[in-house]
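Beneath this line is the structure, given in structure tokens, with notes to follow.
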Amino acid sequence: MAETTRLYYDDAYCADFTARVIAHGTVAGRPAVALDRSAFYPEGGGQPADRGTLNGLAVLDVQADPSTVWHLLARAEDLATLPIGAVVQGAIAWERRFDHMQQHCGQHLLTAAFLATSGLPTLAFHLSDGSVTIDLDTPALQPAQVRAAEELANRVVWECRPVEARFVTAAELARLPLRKPPQVDGPVRVVSVADFDYSACGGTHPHSTGGVGLISVLRWSRQRGGTRVEFACGGRALREVRRLAAAAAGAAASLSVGVDELPAAAERVVAAQKAMARELAVSQAALDASEALRCYAAALQRGPARVVRLIRADLPLARLRSLAQQIAAQPGGVALIGAPGTPAQLVVACAASSGCDARALLTTGLAMLEGRGGGTAQLAQGGGPRTERLEAALDAMLAALGG
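If you want our numbering, it's the position in the sequence shown, counting the first as 1, plus 22.
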């Protein structure tokens, strides 16, 4: 099959072109056409495929084999409107293409900057509609390292250095200070940023670093022994700045402070919430203690055990455990507490002086609920899906204590 001439190699800004259909096929389960020349970038090298149209028909994806670029269409009947030999008009979705150009070139600059400022090589690069990341060969990354790389990369952006992409001979390749050896056989395309970075790359890039606009590191985290750095360039960086500015302005307005005062105001709010949480915990503990005494006063006598059986739908599980433990803190106290829900919950607590085993009682109740749980002889809990049997589960545990 004849090769597809890849127009983006020579002109990444080519968004409209004419070409001749040279083949039909099926790629990834979709009908596809091959052209004798194409400006569509196929997925590869960490860069997603272009989108666009051929004679007005949507190109949903673009893939390539070593010689041919395939343009994937929506329907098999679309192939009939693009017969072999026909001349077609291609149009690239330019905003998507230029976004990819900004992100990919920005990645080259940030990768080179981390190498120059901290000696950290990039192991992987990923670009999607939602994020751009590089994986650095380091288990930890300090804020100062990020700032240094970010500042250097942006300085190179604002200097508007020329970006050149061309195929080089083996002799030329041997003389170039490539960041890493090329991973392809045959002709090698090198993307170079004047006096800063040289990298084997088949992707699309702006004519100068100024086209990247801005590089902003958003966050970083551990990833399989390395560090993943997420960043945004150009239009994405601008949208991120706008998003953060709007969020900061909204938060500042809610707290009646200026944006610069947000950190201190947030600390005050967090401190106040923690104080309120402590006060609430004290109040809830006192309430649980009072409730436990009230329930204990009406407890059923079963030998040395004084048994409290109840269902509470108004308390979270942590409060139910607290209430059960408060009851079990009384002489001979045994708490059998159920909570309806999905799943239904059981909490069992037994005083040592009761002669009862919370785990054994729970097992009896869970058999009714067809559930699972565990714990100790003093405190056990579990749940099951048979909510309609909650009353029966409590009755079964009570019956297990005898008369």
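Glycine is no exception: its CB is placed at the ideal position from the N, C-alpha and C atoms.
Which residues bound the beta strand (DSSP E) around residue i?
{"i": "Cys-372", "result": "366-372"}
{"i": "Cys-127", "result": "Unbroken run through Cys-127 is the alpha helix (DSSP H), 116-140; no beta strand (DSSP E)."}
{"i": "Asp-38", "result": "38-49"}
{"i": "Phe-253", "result": "248-255"}
{"i": "Leu-149", "result": "144-149"}
{"i": "Gly-74", "result": "74-76"}
Could you tell me which residues DSSP puts in a beta bridge with residue i?
{"i": "Trp-92", "result": "Ala-56 and Gln-85"}
{"i": "Thr-231", "result": "Per DSSP, none; premise fails for Thr-231."}
{"i": "Tyr-220", "result": "Ser-214"}
{"i": "Val-356", "result": "Val-329 and Cys-372"}
{"i": "Leu-401", "result": "Ala-371"}
{"i": "Val-80", "result": "Here residue 80 turns out to be Ala, not Val, going by the sequence shown. Partner(s): Thr-75."}
{"i": "Gln-205", "result": "Bridge partners of Gln-205: none, in fact."}
{"i": "Gly-225", "result": "None, per the DSSP bridge assignment."}
{"i": "Gly-66", "result": "Gln-69"}
{"i": "Gly-406", "result": "Ala-366"}
Provide the residue span of the alpha helix (DSSP H) that contains residue i, from first to last.
{"i": "Val-14", "result": "The structure shown does not extend to residue 14, since the chain is modelled only from 23 to 425, so the question has no answer here."}
{"i": "Thr-386", "result": "380-391"}
{"i": "Asp-417", "result": "412-422"}
Reducing DSSP to helix, strand and coil, say where residue i ends up.
{"i": "Ser-243", "result": "strand"}
{"i": "Leu-198", "result": "coil"}
{"i": "Thr-26", "result": "coil"}
{"i": "Gln-111", "result": "strand"}
{"i": "Gln-164", "result": "coil"}
{"i": "Arg-97", "result": "coil"}
{"i": "Leu-158", "result": "strand"}
{"i": "Gly-272", "result": "helix"}
{"i": "Leu-104", "result": "coil"}
{"i": "Ala-170", "result": "helix"}
{"i": "Ala-34", "result": "coil"}
{"i": "Ala-267", "result": "helix"}
{"i": "Leu-236", "result": "coil"}
{"i": "Gly-394", "result": "Before going on, a small fix: residue 394 reads as Arg here, not Gly. Of the three classes helix, strand and coil, the one that applies to Arg-394 here is strand, per DSSP."}
{"i": "Ala-175", "result": "helix"}
{"i": "Ala-361", "result": "strand"}
{"i": "Ala-193", "result": "helix"}
{"i": "Glu-262", "result": "helix"}
With a threshold of 7 Å on Cβ separation, who are the neighbours of residue i within its own chain once the five nearest residues in sequence on each side are excluded?
{"i": "Pro-165", "result": "none"}
{"i": "Pro-105", "result": "Val-43"}
{"i": "Val-49", "result": "Gln-85, Trp-92 and Leu-94"}
{"i": "Ala-134", "result": "Arg-201, Phe-218 and Asp-219"}
{"i": "Ala-96", "result": "Ala-80 and Leu-82"}
{"i": "Cys-317", "result": "Val-330, Leu-332 and Ile-349"}
{"i": "Ala-414", "result": "Met-390"}
So, for residue i: in the same chain, excluding its five sequence neighbours on each side, which residues have a beta-carbon less than 6 Å away from its beta-carbon?
{"i": "Gly-128", "result": "Val-234, Ile-237 and Cys-255"}
{"i": "Arg-250", "result": "Thr-155, Asp-157 and Ser-243"}
{"i": "Ala-321", "result": "Arg-328, Val-329 and Val-330"}
{"i": "Asp-310", "result": "Ser-344, Leu-345 and Gln-348"}
{"i": "Gly-232", "result": "Cys-182"}
{"i": "Gln-125", "result": "Leu-149, Val-154 and Cys-255"}
{"i": "Leu-163", "result": "Trp-242 and Thr-249"}
{"i": "Gly-395", "result": "Leu-384, Leu-388, Gln-403 and Gly-404"}
{"i": "Leu-401", "result": "Ala-371 and Ala-380"}
{"i": "Val-115", "result": "The sequence as given places Ala at residue 115; Val does not occur at that position. Taken in chain order, the residues that qualify are Arg-73 and Gly-74."}
{"i": "Val-279", "result": "Ala-287"}
Quick one: residues in its chain with C-beta nearer than 8 Å to the C-beta of residue i, no 5 flanking neighbours on either side, listed in chain order?
{"i": "Gln-306", "result": "Arg-341 and Ser-344"}
{"i": "Leu-132", "result": "Ile-156, Ala-171, Glu-172, Ala-175, Ile-237, Val-239, Val-251 and Phe-253"}
{"i": "Pro-365", "result": "Leu-391, Gly-393, Gly-405, Gly-406, Pro-407 and Thr-409"}
{"i": "Leu-137", "result": "Pro-143, Thr-144 and Arg-201"}
{"i": "Val-168", "result": "Val-239, Trp-242 and Val-251"}
Using 6 Å as the cut-off, classify the Cβ of residue i as near or not near the heavy atoms of the ligand NAD, replying yes or no.
{"i": "Gly-406", "result": "Looking at this structure, you won't find the ligand NAD or any other ligand, since it has none at all."}
Under 7 Å, Cβ to Cβ, is there at least one residue of chain E near residue i?
{"i": "Glu-313", "result": "Looking for chain E here will not work: only one protein chain is present."}
**Request:** Counting only runs of 4+ residues fully inside the segment 277-348, write out the alpha helix (DSSP H) ranges in chain order.
**Result:** 284-319
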